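Residue numbers for the sequence shown follow this note's numbering, beginning at -9 and rising by one. No residue lacks a Cβ here, since even glycine has one placed at the ideal position from N, Cα and C. Quantities reported herein were computed from a predicted structural model and do not represent experimental measurements. Below you'll find the structure, written out as structure tokens, and then a few comments.
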Amino acid sequence: MAPTTTLPERRVRFAYPDDLDPCWCHRFPEFACAANSISLIMPFAEPYFVKTVRSTLPELDEPLRSQTEAFCRQELAHHVEHRKFNALITRRYPEVVRVEGWMRRAYGWLSRTRSRRFNLAFAAGSEAIAYALARWIEAHLAQLFSDADPVPSTLFLWHLAEEVEHKSAAHDVFEALDGSRLRYAWATSVSVALLAFFVWTASLAQLKAQGRFWNPIAHLRMARWGVSVAFTMLPTLAVSALPGHTPRRFTDPIYLPKWLALFDPATGTIPVPTVIGSPVSDGADHGTAV
């Protein structure tokens, strides 16, 4: 199915206070650990996706070519902002630097050694994973973000909202140039395994640095969220692997797209999501361009 809309480029820039605590979810610090772990992956995974799909541009017809270029711009914007945030994480938790090295080697190895067909399937499957995570996060917004710091919260929700927006972009390229469902299922499984491993190891490193490694509540919460995410993600990925499937058939979350529409291109700002209710969230544009 040909693209019907153009993906906008939003030049959002986030300014982080010098005293920002990377444990930014005060009610559930374990959630901040898991989210931070995903953020640490972005500077390695997203350039890999972009390199893969960008290599196909000479073979794509319009309007798919323009959509793919816009998808690449959105993905690169994500990894730039996550890299800035990750500097805060590694400064506070130097224990995660080793895990970052594993991430760099893993995604770099895939990019160098796997076929373009596999890499396209990996990118498409990873975007389906991100879409499923966005659906899960929206279902738990009030629980997880009601007492969170506004800037990192806005960073993560902006990223997830754009994942919903471009949910079909990598899939469209994969379908146009390959479409093997077995390859898609295998590559997606590899992506899930890498995500789970890196989130687990980086989260443990952060918990250890916080002195909460042996706290049973922390591990119980993370296990419960992991099971909950699986119940959302696995059906989404199973349907995504079916012949003839297109992500456009999925029903999008309600809040994230509506909130993303509030982005002001003139100022490069987006309001703090209304669900965020920490004492420092006063309704101003804390997640703004600088």
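Through-space distance from residue j to residue i, alpha-carbon basis
i, j, result
"E20", "L250", "26 Å"
"F221", "F164", "26 Å"
"S268", "S136", "Residue confidence is low: S268 scores 43 on pLDDT, short of 50, so the model does not pin down where it sits. Its coordinate-derived value is still stated next. The alpha-carbon atoms of S268 and S136 are separated by roughly 6 Å."
"T46", "A175", "21 Å"
"I79", "D11", "9 Å"
"Q64", "A129", "24 Å"
"A60", "P(-2)", "7 Å"
"I123", "D51", "The sequence shown places Leu at residue 123, not Ile. In a straight line, the C-alpha of L123 is about 30 Å away from that of D51."
"V182", "P7", "33 Å"
"A199", "W14", "15 Å"
"H156", "R211", "30 Å"
"T257", "I207", "42 Å"
"V2", "I28", "19 Å"
"N109", "L100", "7 Å"
"R73", "F112", "22 Å"
"A77", "A195", "16 Å"
"V86", "L131", "26 Å"
"R94", "F34", "6 Å"
"R17", "Q133", "9 Å"
"F240", "E117", "13 Å"
"V180", "A228", "14 Å"
"A279", "T103", "In this prediction, A279 has a pLDDT of 31, which is less than 50 and means its spatial position is unreliable; what the coordinates show is noted afterwards. So the two alpha carbons sit approximately 38 Å from each other."
"W92", "A177", "19 Å"
"W215", "A25", "12 Å"
"T226", "G234", "14 Å"
"G201", "V265", "29 Å"
"A22", "G115", "24 Å"
"E49", "T(-4)", "19 Å"
"A166", "V219", "30 Å"
"W126", "P53", "31 Å"
"L224", "V189", "17 Å"
"T42", "R88", "26 Å"
"A213", "P140", "26 Å"
Cutoff 8 Å; reference residue i; Cβ partners in own chain excluding five residues on either side
i, result
"N205", "L197"
"R55", "L47"
"A151", "A124, L246, P247, W249, L250"
"L252", "I260, P261"
Residues sharing a beta bridge with residue i, DSSP
i, result
"A138", "C15"
"T259", "D254"
Same chain only: Cβ atoms within 7 Å of residue i, ignoring 5 sequence neighbours per side
i, result
"H145", "Checking the sequence shown, residue 145 turns out to be Leu, not His. Cβ neighbours of L145 beyond the five flanking positions: F4, E71, F75, G277."
"R82", "P12"
"H69", "M32, P33, E36, P37"
"V40", "C62, E65, L66"
Opening and closing residue of the alpha helix (DSSP H) in which residue i lies
i, result
"E71", "54 to 82"
"E85", "That residue, E85, is in no alpha helix (DSSP H); it is neither H nor E in DSSP."
"N109", "106 to 129"
"I207", "206 to 230"
"L47", "Premise fails: L47 is in no alpha helix (DSSP H) and is neither H nor E."
"Y174", "171 to 200"
"F284", "Residue coverage of the chain in this structure runs from -9 to 280, which leaves residue 284 outside it and unanswerable."
"D281", "Missing from the structure shown is residue 281; the chain here goes from -9 to 280 and no further."
Beta-carbon contacts of residue i that lie in its chain and below 6 Å, excluding the five residues immediately before and after
i, result
"A231", "R171, Y174, A175"
"L147", "P263"
Whole-angstrom C-beta distance between residue j and residue i, which should lie under 8 Å
i, j, result
"T58", "H161", "That belief does not hold up - the Cβ atoms of T58 and H161 are roughly 11 Å apart, past 8 Å."
"D254", "V154", "20 Å between Cβ atoms; not a contact."
"S158", "R238", "5 Å"
"L30", "E90", "6 Å"
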